[in-house]
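Listed below in structure tokens is the structure:
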């Protein structure tokens, strides 16, 4: 079993009310756009392209676990990313590039993470805290990022289904 799947299984059996992200659907979000007009796709893609200009493919490591906003009041359970500083620069550049298209800049600073679960209720969260504490410094492998994808999500009763709308390759 893969390391992320192992910890996802621990969370599934914790007794807590969690919506676990399928590990094949785990992704890094640079900017959440919400409902977006189809007619803006080419302009959004160009904003991504300009925000990535000069950025070569990079390696990131999945390491550590935590929760937003904090362990006392968990909404999102995350796995951290090391080596993603350039991704933060892309996210900030993307914020600026998308403002003229009507997308508001993020109020919170960008944080390099992937979402592993969303908390749906307060039951058994002490067990979840124990799991997070046990894995707070664990390494979950590495991943080479070679492109930025504009994704579309469709919400279903089983969870979101993602499809790729556009792909922008990273190249120095």
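Residue numbers (this note's numbering): -19 to 152.
Where is the CB? At the ideal position from N, CA and C, for every residue including glycine.
Quick caveat, the model's predicted, so the values are computed rather than measured.
Residues of its chain near residue i, where Cβ-Cβ distance is below 8 Å and the 5 sequence neighbours each way are ignored
{"i": "residue -9", "result": "-2, 0, 57, 96, 97, 108 and 111"}
{"i": "residue -6", "result": "104, 107, 108 and 111"}
{"i": "residue 5", "result": "139, 140 and 142"}
Per-residue burial, residue i [other beta carbons within 10 Å of its own, 16 or more giving buried]
{"i": "residue 83", "result": "buried"}
{"i": "residue 87", "result": "exposed"}
{"i": "residue 45", "result": "buried"}
Where residue i sits in the DSSP three-state scheme
{"i": "residue 119", "result": "strand"}
{"i": "residue 33", "result": "coil"}
{"i": "residue 103", "result": "coil"}
{"i": "residue -13", "result": "helix"}
{"i": "residue 9", "result": "coil"}
{"i": "residue 21", "result": "helix"}
{"i": "residue 53", "result": "coil"}
Same chain only: Cβ atoms within 7 Å of residue i, ignoring 5 sequence neighbours per side
{"i": "residue 73", "result": "31"}
{"i": "residue 40", "result": "61, 62, 63, 64, 122, 123 and 125"}
Spatially closest choice to residue i from the options, by CA coordinates
{"i": "residue 42", "options": "8, 17 and 130", "result": "8"}
{"i": "residue 126", "options": "135, 33 and -13", "result": "33"}
{"i": "residue 26", "options": "77, 124, 53 and 136", "result": "77"}
{"i": "residue -16", "options": "137, 121 and 117", "result": "121"}
Contact belief for residue i with residue j at Cβ below 8 Å, rounded distance in angstroms
{"i": "residue 81", "j": "residue 20", "result": "6 Å"}
Proximal residues to residue i (C-beta, below 6 Å), its chain only, five neighbours per side dropped
{"i": "residue -19", "result": "Note that residue -19 scores 48 on pLDDT, short of 50, meaning its location in the model is unreliable and no value can be drawn from it."}
{"i": "residue 129", "result": "144 and 147"}
{"i": "residue 51", "result": "109"}
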